[in-house]
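Residue numbers (my numbering): -17 to 166.
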């Protein structure tokens, strides 16, 4: 965790990353949008990469990553953005990454697919009620699992608990450090 986050006693959390080719340019572009906060300015991640932590107009944080490709076994299969209103973020992500949003369904709450500029579906945005998501907006990684039933049997052994059952074969889990993530 970045030193600044440790200093302010930020609790553990799972972070979503967006890989970019020019970190400084992307951070400068993000700064042009209202209600965007650059939590961590561009800094070295390791000898081959740099990162910056950005909060989008809804307040959800994500990391910009410039460096070698990190997708490999164990990577999140998709990411979910839970927020109160999609219109807080559509212009921001369209401008920064050329992402497009398409409504999938309205019940039990509006769900949108997010598409990259090459047409690949890369994320979901859900207008989740505060009673489910709490008072914050956030990005959450979702990991594919063989079955929800199988995951339930290993939770006690790995020290994880169920934070919320979202239905449709998705659970929000809490790891032993208190950080939330999703499985499907």
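Ideal Cβ positions, reconstructed from N, Cα and C, are used throughout, including at glycine.
All of these numbers come straight from a predicted model, not from anything done at the bench.
For the candidate residues the options, whose alpha-carbon lies nearest to that of residue i?
i, options, result
"residue 21", "99, 37, 123 and 103", "37"
"residue 153", "131, 160 and 140", "131"
"residue 142", "62, 94, 81 and 160", "160"
"residue 66", "107, 98 and 165", "107"
"residue 90", "149, 27 and 158", "149"
"residue 99", "76, 135, 137 and 138", "76"
"residue 29", "14, 50 and 16", "50"
"residue 27", "52, 15 and 151", "52"
Looking only at DSSP bridge pairs, what is residue i linked to?
i, result
"residue 46", "0 and 34"
"residue 123", "61"
"residue 149", "152"
"residue 105", "96"
Going by other Cβ atoms of all chains shown within 10 Å of its Cβ, with 16 needed for buried, is residue i buried or exposed?
i, result
"residue 103", "exposed"
"residue 123", "buried"
"residue 7", "exposed"
"residue 85", "exposed"
"residue -11", "exposed"
"residue -6", "exposed"
"residue 74", "buried"
"residue 140", "exposed"
"residue 9", "buried"
"residue 173", "This structure cannot speak to residue 173, because the chain is shown only from -17 to 166."
"residue 115", "buried"
Between which two residues does the alpha helix (DSSP H) holding residue i run?
i, result
"residue 6", "5 to 13"
"residue 78", "72 to 79"
"residue 112", "112 to 115"
Going by the CB atoms, is the gap between residue j and residue i shorter than 8 Å?
i, j, result
"residue 121", "residue 34", "no"
"residue 23", "residue 32", "no"
"residue 47", "residue 18", "no"
"residue 72", "residue 83", "yes"
"residue 110", "residue 44", "no"
"residue 60", "residue 12", "no"
"residue 39", "residue 5", "no"
"residue 127", "residue 96", "no"
"residue 119", "residue 64", "yes"
"residue 133", "residue 94", "no"
"residue 145", "residue 137", "no"
Could you pull the start and end residues of the beta strand (DSSP E) that residue i belongs to?
i, result
"residue 131", "It is not in any beta strand (DSSP E) - residue 131 instead sits in the alpha helix (DSSP H) that spans 130 to 140."
"residue 19", "19 to 28"
"residue 85", "82 to 87"
"residue -5", "Neither: residue -5 is in no beta strand (DSSP E) and is coded neither H nor E."
"residue 40", "Element bounds for residue 40: n/a, residue is neither H nor E."
"residue 69", "Segment: none, residue 69 is in no beta strand (DSSP E) and carries neither H nor E."
Is the shortest distance between the beta-carbon of residue i and the beta-carbons of chain B less than 8 Å?
i, result
"residue 2", "Within the model displayed, chain B is absent; a lone protein chain is all it includes."
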